[in-house]
Amino acid sequence: GILMENSISKKPEQKNADDYISQLKKKSVRLSNEQLKTRILRFLDDNCVMTLATCVDNQPRATALRYRHKDFNIYSFTEGGGKIKNIKKNPNVALSIYGEYTGFDSVVSLQAWGHAEIVFPKEKEKYQKIRDSLDLENRADLKRLGIMKIPSMKIITISLRRARFLSFPEHLM
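If you count by the numbering used here, then the sequence shown holds residues -14 to 158, one letter each, in order.
Below you can see the structure in the form of structure tokens.
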């Protein structure tokens, strides 16, 4: 007899592989640098959570953080922890941001590399300038949690140096 298969009878990992291969076979679109920059900025506007990767002494760390951005500079307000310790020792970071996933044909993501810096509250002028530019005082989630009143909150600033953008729906690969 003939073995019939459909996506329901395939193992999930095989369906994912088949979906990925079908996406790769589609003709991809190349954007100019300016078009790509515009598309990346729109993607940054449309999302608010990133995974930040740091590494010290061959010990990687990945942390989910809410972010804001101004052009290609990423900002995250944080209490501290391992990511701050890592950035102090090694300011080279990577980050990823991704849209809602409903299958390979929905994949939209940004993978980026940059240089991180920690801005501490004691750097009053610089710290306040960033806070004001990000309009943190008007974020309802921060108000609700009372985070803006915590004096030890730090700001991670990341200057992006390189980025890779992928959008299967738009055939940008």
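Heads up, the beta-carbon is just placed ideally off N, CA and C, and yes, glycines get one too.
Since the model is a prediction, treat every value here as computed from it, not as a measurement.
At the level of alpha carbons, what is the spacing between residue 78 and residue 85?
24 Å
Alpha helix (DSSP H) runs contained entirely in the segment 44 to 110, provided each spans 4 or more residues:
67 to 74
Let me know if residue 37 comes out buried or exposed under the rule of 16 or more other beta-carbons within 10 Å of its beta-carbon.
buried
Of the residues 157, 117, 128 and 153, which one's Cα is nearest the Cα of residue 55?
117
Please classify residue -7 as buried or exposed, where buried requires at least 16 other C-beta atoms within 10 Å of its C-beta.
Unreliable positioning characterises residue -7 in this predicted model, as indicated by a pLDDT of 44, which lies under 50. A coordinate reading is not provided.
Would you mind sorting residue 23 into buried or exposed? The rule is 16 or more other CB atoms within 10 Å of its CB.
exposed
Taking 7 Å as the threshold (C-beta atoms), are residue 130 and residue 57 in contact?
no
With residue 147 as the anchor, note down where its beta strand (DSSP E) starts and where it stops.
139 to 152
In terms of residues, what are the limits of the beta strand (DSSP E) holding residue 157?
Where residue 157 is concerned, there is no enclosing beta strand (DSSP E), given that its DSSP letter is neither H nor E.
Restricting to Cα atoms, I'd like to know which of 119, 139 and 94 is closest to residue 67.
139
Here's the rule: buried if 16 or more other CB atoms are within 10 angstroms of the residue's CB, otherwise exposed. What is residue 97?
buried
Who are the near neighbours of residue 106 in its chain, counting only those whose CB is closer than 8 Å to its CB and skipping five residues on each side?
112, 136, 137, 138 and 139
Continuous beta strand (DSSP E) stretch holding residue 21: start and end
Unbroken run through residue 21 is the alpha helix (DSSP H), 18 to 31; no beta strand (DSSP E).
Find out if the Cβ-Cβ distance for the pair residue 119, residue 60 is shorter than 7 Å.
yes
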